[in-house]
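In this note's numbering, the protein residues as written are 1 to 189. Yeah, the Cβ is synthetic: ideal placement off N, Cα and C, and Gly gets one too.
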Ligand code: HEC
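Written out as structure tokens, the structure reads:
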């Protein structure tokens, strides 16, 4: 009996735990759903482009995640990802997807390449040109994103990877920050 009673006690606790978990999950879903809908329905128009621009260049607030560390706008920024000076010509849905699901579509030429050398080294890089004798790429495993050149006769294989080097900003930005950035990107034409 003792065993049965303590099992009943445990099962109640377990049941309570499961119900609470389910409740939190439902709450989470309902909190998430409007966010995605809102952005897709064009609420970015309600975003503040000036605040978005500030965030784009904010290497202090966003640290290494700041867009300007990888993108250039009107001559300012870095060349790791594509130049965004005219990205506002693209549809809002596409811009939204680029931010929250970057690997869904990878801009041609900006794939992360796995480069293996004949002496057994492996690099991960985004190609930045080549000459007759050299392959140039940004080493994405290097904290300073250094431009690296490898003699072509040392390269054994080059394989594009399915994941974008850009990470998803879905969880990194608050809803209003995401809308502000989208509003700013839409002004870039
Ligand atoms: C660590 C580097 C990095 C950071 C930081 C970064 N991106 Fe990117 N981004 C990339 C790369 C690389 C690509 C190209 C590959 C791809 O399509 O996913 C890209 C692609 C994009 C595209 C698609 C461009 C096109 O021409 O279609 C947009 C839009 C974009 N990024 C916006 C942003 C914004 C806005 C931020 C800041 C909130 C940001 N990115 C932060 C690396 C980065």
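Ends of the beta strand (DSSP E) at residue 200? It is not possible to answer for residue 200, since the shown part of the chain is limited to 1 through 189.
In its own chain, which residues sit with a C-beta less than 8 Å from the C-beta of residue 61, not counting the 5 before and 5 after it? Answer for residue 61: 55, listed in chain order.
Using the Cα positions of residue 138 and residue 184, report the straight-line distance between them to the nearest angstrom. Straight-line Cα distance between these residues: approximately 27 Å.
Just mark residue 75 as buried or exposed, buried being the case when its beta carbon has 16 or more other beta carbons within 10 Å. Classification for residue 75: exposed.
Does DSSP put residue 113 in a helix, a strand or coil? In the structure shown, residue 113 sits in a strand (DSSP, three-state: E or B).
Is the CB-CB distance between residue 148 and residue 123 below 8 Å? Between residue 148 and residue 123, the C-beta gap is smaller than 8 Å, which places the two residues in contact.
Does the segment 99-107 come within contact of the segment 162-174, defined as at least 3 CB pairs closer than 8 Å? Counting C-beta pairs with one atom in each stretch, the segment 99-107 and the segment 162-174 have three or more that are closer than 8 Å, which means they touch.
Kindly indicate which residue of 126, 119, 50, 98 has the alpha-carbon position closest to the one of residue 111. In this structure, 126 is the residue among 126, 119, 50, 98 with its C-alpha nearest to the C-alpha of residue 111.
Report all residues from its chain with a CB closer than 8 Å to the CB of residue 72; omit the five preceding and five following residues, and keep chain order. Residues 78, 79, 83, 84, 85 of the same chain have their beta carbon placed closer than 8 Å to that of residue 72, with the five preceding and five following residues left out of the count.
When the Cα of residue 119 is compared with those of 156, 179, 135, which residue comes out closest? Of the listed residues, the one whose Cα sits closest to residue 119 is 156.
Excluding the 5 residues flanking residue 107 on each side, which residues of the same chain have their C-beta closer than 7 Å to its C-beta? Closer than 7 Å at the Cβ level, and outside the excluded window around residue 107, lie 82.
Might you give, ordered along the chain, the residues of its own chain that have their beta carbon closer than 6 Å to the beta carbon of residue 36, omitting 5 neighbours on each side? Its pLDDT being 48, under 50, residue 36 is placed unreliably in this model, and the coordinates cannot settle the point.
According to DSSP, simplified to helix, strand and coil, what is residue 66? Reduced to three states, the DSSP call for residue 66 is coil.
If you follow the beta strand (DSSP E) that residue 129 is in, where does it begin and where does it stop? Looking at the DSSP string, the run of the beta strand (DSSP E) that includes residue 129 is 122-130.
Could you compute how far the alpha carbon of residue 63 sits from the alpha carbon of residue 51? Spanning the two alpha carbons is a distance of roughly 17 Å.
Under a three-way DSSP split, which group does residue 184 fall into? Helix.
Please work out which residues of its chain come closer than 7 Å, Cβ to Cβ, to residue 48, disregarding the five sequence neighbours upstream and downstream, and give them in chain order. Contacts found: 180, 183.
What does the alpha-carbon distance come out to for the pair residue 188 and residue 89? Approximately 7 Å, taken between the alpha carbons.
For residue 99, which three-state DSSP category applies? When secondary structure is reduced to three states using DSSP, residue 99 falls in the helix class.
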